[in-house]
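Worksheet for the structure shown next.
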């Protein structure tokens, strides 16, 4: 992503991504603190922006919540909707 931003600075033009952006985070991830407010800015980068939150988890989702993460990725992959603006919460069991 940062490489893309640097390239747009050099061209003095920003082309929005032609694919949807989907942000996945844990609800207690200290690294992505403020994500509920900040993710709204992502519409500057793509028409379709979505977010999934895995409840009661931090930053290491692949290690700590692999089943929940896999379920989200399967849903994203199978989802063919053109516009996705839904926040999902997944409970850890």
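In the numbering used here, the protein residues as written are 1200 to 1292. For glycine and all other residues, C-beta sits at the position ideal for the given N, C-alpha and C.
Sequence-distant residues of its chain with Cβ nearer than 7 Å to residue 1224 (five each side left out): Only residues of its own chain outside the window of five on either side were considered, and among them 1231, 1234, 1252 have a CB closer than 7 Å to the CB of residue 1224, listed in chain order.
Whole runs of the alpha helix (DSSP H) within the stretch 1227-1273, excluding any shorter than 4 residues: 1234-1237, 1260-1263
Straight-line Cα distance separating residue 1239 from residue 1271: 20 Å
Limits of the unbroken beta strand (DSSP E) element including residue 1222: Counted as a single uninterrupted DSSP element, the beta strand (DSSP E) harbouring residue 1222 occupies residues 1220-1225.
C-beta atoms of residue 1245 and residue 1204 nearer than 8 Å: No, Cβ-Cβ distance for residue 1245 and residue 1204 is not below 8 Å.
Under 8 Å between C-beta atoms of residue 1256 and residue 1269: no
Near the ligand MG: residue 1228 beta-carbon under 7 Å from a heavy atom: Ligands in the displayed structure: none, and consequently the ligand MG is not present.
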